[in-house]
Amino acid sequence: MDTVELLTKFADPGAMKALTTTQRVVAGLITTALGMGITFISLIILQFIIGIMAKLTAEKAVKRQQAKPLVAAEEKVAAADNLLQDEEIVAAISTALALQLKTSVSNIVIRNIEKVEASSTAWHKAGLAEHMNNSL
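Following numbering that gives the first Met the number 0, the numbering of the sequence shown begins with 0 at its first residue and continues without gaps.
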C-alpha cells in the first residue's frame, strides 16, 4: 500500500479500524512529518519576509537620521519644557508632603529628588494593577 492510499484510509475513521497497528503507526508518523515539514517551511518563508521588511525599514531609518539636524532646535525647547516639568513635580511633591504632615509648604525644603528604580517584577506590577482595578 503506497503512502497516498494509506493517508486516505487514515483520514476515514471507519476505514482506520481495518488498518493494522503497523499501518496506523506509519500513517501517524507520515502525518506528523508532513505537519512538521509544512510548519518548518512556513517559518523559513516568514523569516525571509521579516528580513526583507527589516531591510526596507532600515533604509527609512537612515533617511530619518539625515533629517535630524532640524530636530536640534526642538531639543532645546524640550529641555526648557523638562525644567518646567521638574519644577511642577517639586511643587506637587511639596504640596503632598505638606498635606500629609499637616504643615505649610513654606516649612518644607526639598533639596534633592532621585528617581528610584522599581525592583518589582512585571508579575508583581500586573498583580497590583489587577488589585487596584478590582478594588474600584
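Using N, Cα and C, we set each Cβ at its ideal position, and we do this for glycine too.
It should be emphasised that the depicted structure is a prediction, and the values quoted were computed from it without experimental measurement.
- With a cutoff of 8 Å on beta-carbon distance, residue 93 and residue 107 are scored as near each other.
- No alpha helix (DSSP H) of 4 residues or more sits fully in the segment 22-68.
- Under the DSSP assignment, residue 134 falls in the alpha helix (DSSP H) whose first and last residues are 121-134.
- In terms of Cα proximity to residue 113, the closest of 29, 44, 89, 43 is 89.
- With respect to the 8 Å criterion, residue 9 and residue 26 are classified as neighbours on the basis of their beta carbons.
- A Cβ-Cβ separation of about 6 Å places residue 29 in contact with residue 2 under the 8 Å criterion.
- Rounded to whole angstroms, residue 98 and residue 105 show a C-alpha spacing of 12 Å.
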